[in-house]
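Participant: Right, I'll just put the structure down here and ask away after.
Residue numbers (my numbering), protein chains in the order written: chain V, 13 to 189; chain F, 20 to 261.
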């Protein structure tokens with residue numbers, strides 16, 4: 013734990029927070045200075061400054077939890093959308109040196125801006141970037157495929173109550189733009 | 020969104036009626052046919068693919084926020100993130116992490132943004148789930164804004180209580196939390212110089228030595244020379260982190 017890290021302070025309980033989710037590795041709290049009530053932070057309990065430091069297993073859990081909170085926000089807060097947002101490094105807008113996933117409830121004209129003006133690249137520039145990325149990825153290695161496809165969401169639910177499962181997916185469909 | 024303008028109002032109405040009567044499976048099949056990204060994945064539409072595995076597919080955005088802007092998609096047609104299975108989410112974001120890492124090394128990016136938009140209000144434009152991974156540099160002209168608003172503790176607690184009241188009814192997560200074994204593990208061909216053990220120990224000097232050790236299983240022929248000069252710990256230090 014880093015001494016002067018605010019996020020570690022939240023994890024340790026030195027700084028009070030409203031928790032919405034907690035397990036042994038991941039904590040989710042509400043942002044006190046967020047864009048809107050319901051704006052959540054999903055944080056690893058261990059002090060990892062940027063995403064590259066977070067082991068894959070913990071990272072996977074963090075994003076699964078983020079997704080869960082995003083779904084909960086949809087259901088509970090009557091919003092029109094959610095964003096999952098990560099800023100990695102100061103130029104990207106990171107302000108605290110503790111890796112954080114933002115889950116942001118969205119409504120039209122809420123002042124949040126995560127859009128961009130497209131940059132026009134020449135065909136040559138595109139090809140250069142493509143080549144650099146391909147080479148970089150090739151050097152980086154392979155991501156192992158999941159060992160066993162879990163069907164927890166679909167199968168797990170259908171065995172109990174197929175109606176409920178269908179309901180769930182239909183509800184998801186209604187959110188589709 | 021895509022094909023609607025080609026229809027007359029009567030056809031549109033018939034179509035809407037048809038959609039209403041579809042089962043979720045049929046609906047998904049229907050959406051898939053309309054989806055340009057599914058066609059990209061099938062190779063019917065050209066794209067600049069940079070990565071592919073059994074689950075995901077990554078292309079360069081042709082309207083990038085910055086050069087190198089990556090669209091990381093699931094091969095399966097999902098519209099929004101809540102439709103994905105947990106292991107797919109874990110896998111997709113471990114690929115996103117790898118892409119972010121590659122951007123820092125190969126594109127000399129100084130940071131990255133990872134963005135998912137669920138719903139039009141959130142800025143979603145494509146009807147296919149995707150993760151945007153955007154390389155960032157100082158002064159690149161991008162300005163993502165998340166306004167900070169002073170909220171009362173009451174407001175925050177109310178929103179929190181509402182979320183807590185439904186969160187346990189949402190499927191997903193259970194298996195990952197109890198599962199001892201990682202679902203997907205990133206296996207680098209060479210060591211990543213920012214392993215978490217060293218961060219915890221705060222011994223950046225000892226990095227070179229430790230590199231070989233902690234990737235027992237994964238590092239096939241770890242090559243120290245291939246390690247890039249870009250040090251992730253330095254990037255982390257810029258953040259004021261220790």
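Note that CB positions come from ideal geometry on N, CA and C, so glycine has one too.
Return the residues of the segment 126 to 137 of chain F that lie within a Cβ-Cβ distance of less than 7 Å from chain V, sorted by chain order.
Facilitator: 126, 129, 130, 131, 132, 133, 134, 135, 136 and 137
Participant: Relative to the C-alpha of residue 103 of chain F, which candidate in V:138, V:85 and V:75 has its C-alpha closest?
Facilitator: V:75
Participant: Whole angstroms is fine: what's the gap from residue 37 of chain V's alpha carbon to residue 40 of chain F's?
Facilitator: 44 Å
Participant: Spell out whether any CB of chain V is found under 8 Å from the CB atom of residue 51 of chain F.
Facilitator: no
Participant: Just to confirm my understanding: we take residue 98 of chain V, look at its own chain, exclude 5 residues before and 5 after, and list those with CB closer than 6 Å. What are they?
Facilitator: 113
Participant: Could you say which of V:64, V:21, V:51 and V:115 lies nearest to residue 178 of chain F if we only look at CA atoms?
Facilitator: V:51
Participant: With H, G and I counted as helix, E and B as strand and the rest as coil, what does DSSP make of residue 163 of chain F?
Facilitator: coil
Participant: Fully enclosed by the segment 30 to 117 of chain F, which beta strand (DSSP E) runs are 3 residues long or longer?
Facilitator: 68 to 71, 75 to 79 and 89 to 93
Participant: Let me check understanding here. Comparing Cα to Cα, which of F:86, F:52, F:146 and F:90 lies closest to residue 63 of chain F?
Facilitator: F:52
Participant: Check residue 97 of chain V in the structure and name its three-state DSSP category.
Facilitator: strand
Participant: CB-CB under 8 Å to residue 99 of chain F, same chain, minus the five flanking residues each way: which ones, in chain order?
Facilitator: Excluding residues up to 5 positions away in sequence, 137, 138, 143 and 148 lie with their Cβ nearer than 8 Å to the Cβ of residue 99 of chain F in the same chain.
Participant: Does the beta-carbon distance from residue 49 of chain V to residue 92 of chain F come in below 8 Å?
Facilitator: no
Participant: Could you work out which residues of chain F lie near residue 112 of chain V, taking near to mean beta carbons separated by less than 8 Å?
Facilitator: Correct list: empty, because the minimum Cβ distance to chain F is about 11 Å.
Participant: Apply the 10 Å Cβ neighbour rule to residue 167 of chain F and answer buried if 16 or more other Cβ atoms are within range, or exposed otherwise.
Facilitator: So residue 167 of chain F ends up on the exposed side.
Participant: Give me the DSSP bridge partner(s) of residue 135 of chain F.
Facilitator: V:96
Participant: Looking at the C-beta of residue 117 of chain F, does it have a partner C-beta in chain V at a distance below 8 Å?
Facilitator: The Cβ of residue 117 of chain F sits closer than 8 Å to at least one Cβ of chain V.
Participant: Could you check how far apart the C-beta atoms of residue 74 of chain F and residue 96 of chain F are, in whole angstroms? I think they sit under 8 Å.
Facilitator: Their Cβ separation, rounded to whole angstroms, is 13 Å, which puts residue 74 of chain F and residue 96 of chain F out of contact at 8 Å.
Participant: For the alpha helix (DSSP H) that residue 80 of chain V lies in, which residues bound it at each end?
Facilitator: 68 to 89 is the extent of the alpha helix (DSSP H) around residue 80 of chain V.
Participant: Please state whether DSSP places residue 46 of chain V in a helix, a strand or coil.
Facilitator: In the three-state scheme derived from DSSP, where H, G and I count as helix and E and B as strand, residue 46 of chain V is classed as coil.
Participant: Name the chain V residues that come within less than 7 Å of residue 113 of chain F, Cβ to Cβ?
Facilitator: 68, 71, 72 and 155
Participant: With C-beta atoms as the reference, is residue 189 of chain F less than 8 Å away from residue 83 of chain V?
Facilitator: yes
Participant: Helix or strand or just coil, what does DSSP make of residue 32 of chain V?
Facilitator: Of the three classes helix, strand and coil, the one that applies to residue 32 of chain V here is strand, per DSSP.
Participant: State yes or no: is the beta carbon of residue 59 of chain F nearer than 8 Å to at least one beta carbon in chain A?
Facilitator: Going by chain labels, chain A is absent from the structure shown, which instead holds the protein chains V and F.
Participant: When you compare each of F:115, F:31 and F:81 to residue 71 of chain F by their alpha carbons, which one comes out closest?
Facilitator: F:115
Participant: In chain order, what residues of the same chain have a beta carbon less than 6 Å from the beta carbon of residue 153 of chain F, not counting five sequence neighbours either side?
Facilitator: 84, 85, 88 and 132
Participant: Could you tell me whether the Cβ of residue 66 of chain F comes closer than 8 Å to any Cβ of chain V?
Facilitator: Not one chain V Cβ lies under 8 Å of residue 66 of chain F.
Participant: Can we say the segment 16 to 32 of chain V touches the segment 100 to 111 of chain V, given the rule of at least three CB pairs closer than 8 Å?
Facilitator: yes
Participant: On the DSSP letters alone, give me the boundaries of the alpha helix (DSSP H) that residue 141 of chain V sits inside.
Facilitator: 135 to 152
Participant: In the segment 90 to 103 of chain V, which residues sit with their C-beta less than 7 Å from some C-beta in chain F, listed in chain order?
Facilitator: 92, 93, 94, 95, 96, 97, 98, 99, 100, 101, 102 and 103
Participant: Any beta carbon of chain F sitting closer than 8 Å to that of residue 57 of chain V?
Facilitator: no
Participant: Could you list which residues in chain F have their beta carbon closer than 9 Å to that of residue 136 of chain V, in chain order?
Facilitator: Residues of chain F whose Cβ lies closer than 9 Å to the Cβ of residue 136 of chain V do not exist; the shortest such Cβ separation is about 11 Å.
Participant: What residue from V:102, V:80, V:31 and V:94 has the CA that sits closest to residue 172 of chain F's CA?
Facilitator: V:31
Participant: So residue 115 of chain V is in the beta strand (DSSP E); what residue range does that whole segment cover?
Facilitator: Taken as a continuous stretch (DSSP letters only), the beta strand (DSSP E) holding residue 115 of chain V covers 113 to 118.
Participant: So what's residue 222 of chain F in DSSP terms, helix, strand or just coil?
Facilitator: The pLDDT assigned to residue 222 of chain F is 38, lower than 50, so where the model puts this residue is not dependable, and the model offers no usable value.
Participant: When the Cα of residue 190 of chain V is compared with those of F:38, F:157 and F:125, which residue comes out closest?
Facilitator: Outside the displayed range of chain V (13 to 189) lies residue 190 of chain V, so it cannot be described from this structure.
Participant: As a quick exercise: from V:64, V:70, V:45 and V:46, pick the residue whose alpha carbon is nearest that of residue 57 of chain V.
Facilitator: V:70
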